Every structure is written in C-alpha cells, then in structure tokens.
Amino acid sequence: MRFLFALSLGSFVPLCLVAAPDGQGAGSKPAGSKPGWLEPRFVEAFKFVSGFFGLDAAREKGGQASKMTLIGAGFSRTGTKSLEAALLRLGHKVYDTRSMMELGHVTRWEMAAEQFKAAKNSTAVDQLLTEIEAQGYTATLDFPMNLFAPIFAELRPSAKVLMSARPSEESWVEAWGKVNEILGIFILRPWCWILDMGFNRRILRTMYQFEWEYPTYPEHIWRPVPWFEVIQRLPAFETQAARQAWLDLHQRLQRELEAQLPAERFATFDVRSGWKPLLDFLGIDNAALAAEPFPRVNDQGSLQAVRVTMDVVATGLPLWVLLTIWLFSKCARCLCRGMCKTTKEKRG
Numbered sequence: 023m024r025f026l027f028a029l030s031l032g033s034f035v036p037l038c039l040v041a042a043p044d045g046q047g048a049g050s051k052p053a054g055s056k057p058g059w060l061e062p063r064f065v066e067a068f069k070f071v072s073g074f075f076g077l078d079a080a081r082e083k084g085g086q087a088s089k090m091t092l093i094g095a096g097f098s099r100t101g102t103k104s105l106e107a108a109l110l111r112l113g114h115k116v117y118d119t120r121s122m123m124e125l126g127h128v129t130r131w132e133m134a135a136e137q138f139k140a141a142k143n144s145t146a147v148d149q150l151l152t153e154i155e156a157q158g159y160t161a162t163l164d165f166p167m168n169l170f171a172p173i174f175a176e177l178r179p180s181a182k183v184l185m186s187a188r189p190s191e192e193s194w195v196e197a198w199g200k201v202n203e204i205l206g207i208f209i210l211r212p213w214c215w216i217l218d219m220g221f222n223r224r225i226l227r228t229m230y231q232f233e234w235e236y237p238t239y240p241e242h243i244w245r246p247v248p249w250f251e252v253i254q255r256l257p258a259f260e261t262q263a264a265r266q267a268w269l270d271l272h273q274r275l276q277r278e279l280e281a282q283l284p285a286e287r288f289a290t291f292d293v294r295s296g297w298k299p300l301l302d303f304l305g306i307d308n309a310a311l312a313a314e315p316f317p318r319v320n321d322q323g324s325l326q327a328v329r330v331t332m333d334v335v336a337t338g339l340p341l342w343v344l345l346t347i348w349l350f351s352k353c354a355r356c357l358c359r360g361m362c363k364t365t366k367e368k369r370g
C-alpha cells in the first residue's frame, strides 16, 4: 500500500501547482524560475507527510550515541517543523512522531505512558530515552512526544525544555483545528487501512485524561465511494467547549513545566521571533546565524497541496490496484520469457 503514496509523489506532484498558495499556481511564476511545487517548503511538506509512510527513512539514520539535550514541549502547529529545521542546522538529531512510527516505537510509548500513569513508574520511558540516545537523537519535538516533556525533564536534569508557541493560545487552537481538517485524512479511508494514527489520541487520553473526539461515519464523514471518505465536521473543534478544552490542555502543560523547572531550563519560543531567542536560550553565540531568516516549513498552503495530491490518489485507488497488478504481471512475463530463452540457449 505504500506504493500508492509513492505514486502520489511521483505522478501527481504537479497537482500542487493548482493548490499552490500566494499566486504560485501554473502560469504565475516568472520564466526560468522553479515551479511552486519544487520550492523547498513544498518539498518539505511532502517529506513530512511521506515520513508517516516510511518513505523518508533516511532522516532516522546516522548519528553517534549522545545525550538528550533539548526537550520539545510545543504542540503541533506551533512552528515545530520550522524549529526542527533550525535544530538540524545546529547539529541536532530530532525524534518526533515520524521517528516513533519509522522505528516501531509506537506501542512501546503507549505502554510506557500507561505504566507511568498507573504507578508513576518511568522505567519504560527511561529505557526508550536511553535507546534513542544510543541512536544519536539529541532532541524531541512535536505532539505526542511533547506530552512526555515533564517526565523527560526529570529523567534528564541537564536537558533544557523549549515550548514552541504561537502569538496566542487561541490562534494555536484555530491553526490546530485547520490542520486537522487538512491532514485528518489519515483517519479516513483509504489511508486508515495503511496507518493507525489513533495512537495520538490514546497517548493523550492516558497522559492527560483528555478525550479527543474523532469524526465518525456517517455522523461526521461523507463516503462518496466505499474506498474514499471526506470529513464534513470536526467534533473536537466545532463547539466553544471543545475549543476551550484544547486551550486548557495547552495551559495545563505550560503551567506544569513552569512549576517544575527553573527559568534557565524552560522557555517558550515563537518561531516568528527569529534565531536570537533560541540561540540565547541554548547558550550559542553566533551573530551571523542570529541575523539570518528563521526557517519556515510546513505552512498551511504547502500541506493543502499535499492533501490535494493524496485525495486524487485515494479517489483513483481501484485504478492503482489494477495498474499494480498489470505491472507485476508484465514483469513476471518478461522474467519468464528471459528464463525460457536462457534455458533454450543452454540446451542448444
């Protein structure tokens, strides 16, 4: 099934021209310039999504055994991917949701969360931390890894904790709801047949007793054909009470970390403020870097372009299944003919 997503990257990337924001659609670029879908932010968006399918495994390779020095406490849509790009520039190796999936750690993190909440036993969490440190990871980022930030901070007392944030918590809830509209496809057919993204909700429930209501069929989901679904309503964001619950969660984690850690170990960070606050917090003196623009990755428009591509692939699912069968049959026939020809030549 991963083959289907690979097809989306190879065969349907030009569709991003149609979905490209800020006037970057077909015909809007000057002659000789890169098409919108070849711009770094679009490429990074595709890499981000493809990582969930194990198609960006190279990012998990390399790195020497080290210690965790930076713990990310920010939720998704607070600039976590832009922050990741910055940390990579600084020499970090970052462990996030894609790492959990690529390395087969999802079930173990779920069990570690359950063990900690049941008996305040952090042994399993410490074992996982030690294991990823041995693989060269020096930083954690994004949801749901941020939910473990208070435990990580206790287990690694020399590590600093950085909570990426937007200008206001209300703007974060709005952005978080929007990205759920765009990438909520992972809980829909056909992608839910390939990936189980429910671990995010399960870990959140375990760690913070937070009930994240997923859309269900037929109440919130439209199914025009048996293999393709579209979200029509997001119950986790459609009422003021639901949105307030997300605000309370954000505030709860921040208050917990502020109460637990001294100022020199904890800070909030808005990626719009640039390099200097990050470098100051990490104790890095680099005036040249501080003057550079901060990375910008996974903006909403780029993710929307990926969504359009994946929708096209999903709606044509039967076609791709038939195409795959046809390609395999053609390859098998060519192989058989080659073997028969070789056998005849040997006999002759």
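Position one of the sequence shown corresponds to residue 23 (our numbering), numbered consecutively onward.
Ideal Cβ positions, reconstructed from N, Cα and C, are used throughout, including at glycine.
Model, not experiment: these values are computed from the prediction.
Classification of residue i by the beta-carbon crowding that lies within 10 angstroms, buried from 16 upward
i, result
"residue 350", "exposed"
"residue 307", "exposed"
"residue 359", "exposed"
"residue 404", "A question about residue 404 goes unanswered here, because the residues of the chain that appear run from 23 up to 370."
"residue 344", "exposed"
"residue 143", "exposed"
"residue 324", "buried"
"residue 82", "buried"
Beta-carbon separation (whole angstroms), residue i vs residue j, contact threshold 8 Å
i, j, result
"residue 231", "residue 243", "Incorrect: roughly 26 Å between the Cβ atoms, too far for contact."
"residue 269", "residue 191", "5 Å"
"residue 134", "residue 116", "So it is not a contact: roughly 19 Å between Cβ atoms."
"residue 322", "residue 200", "6 Å"
"residue 107", "residue 319", "5 Å"
"residue 169", "residue 118", "In fact, because the Cβ distance is near 13 Å, the residues do not count as touching under 8 Å."
"residue 92", "residue 114", "7 Å"
"residue 251", "residue 211", "5 Å"
"residue 258", "residue 235", "5 Å"
Span separating the alpha-carbon of residue i from that of residue j
i, j, result
"residue 353", "residue 266", "56 Å"
"residue 209", "residue 220", "8 Å"
"residue 282", "residue 132", "24 Å"
"residue 160", "residue 178", "11 Å"
"residue 196", "residue 262", "12 Å"
"residue 101", "residue 226", "20 Å"
"residue 112", "residue 150", "24 Å"
"residue 294", "residue 189", "9 Å"
"residue 346", "residue 238", "31 Å"
"residue 175", "residue 272", "18 Å"
"residue 94", "residue 185", "6 Å"
"residue 302", "residue 152", "27 Å"
"residue 86", "residue 256", "42 Å"
Alpha helix (DSSP H) segment containing residue i, residue limits
i, result
"residue 136", "128–141"
"residue 204", "191–205"
"residue 265", "262–282"
"residue 309", "309–312"
"residue 209", "First-last for residue 209: undefined, no H or E at that position."
"residue 151", "145–156"
"residue 334", "322–337"
"residue 302", "297–304"
DSSP-derived helix/strand/coil call for residue i
i, result
"residue 49", "Note that residue 49 has pLDDT 39, beneath the 50 cutoff, so the model's placement of it is unreliable and no number is given."
"residue 98", "coil"
"residue 354", "helix"
"residue 239", "coil"
"residue 33", "With a pLDDT of only 47 at residue 33, under the threshold of 50, the placement of this residue in the model should not be trusted; the figure read from the coordinates follows. The answer is helix: DSSP assigns residue 33 an H, G or I state."
"residue 93", "strand"
"residue 175", "helix"
"residue 21", "Nothing can be reported for residue 21, as the shown portion of the chain is limited to 23 through 370."
"residue 389", "Because the chain is modelled from 23 through 370, residue 389 falls outside the range shown and cannot be assessed."
Residue i: first and last residue of the uninterrupted beta strand (DSSP E) it sits in
i, result
"residue 244", "243–247"
"residue 183", "182–186"
"residue 379", "Residue 379 cannot be examined here, being either before or after the span of the chain that is shown, 23 to 370."
"residue 289", "288–291"
beta-carbon residue i near the ligand NAD non-hydrogen atom, thresh 7 Å
i, result
"residue 269", "The model depicted lacks the ligand NAD and carries no ligand whatsoever."
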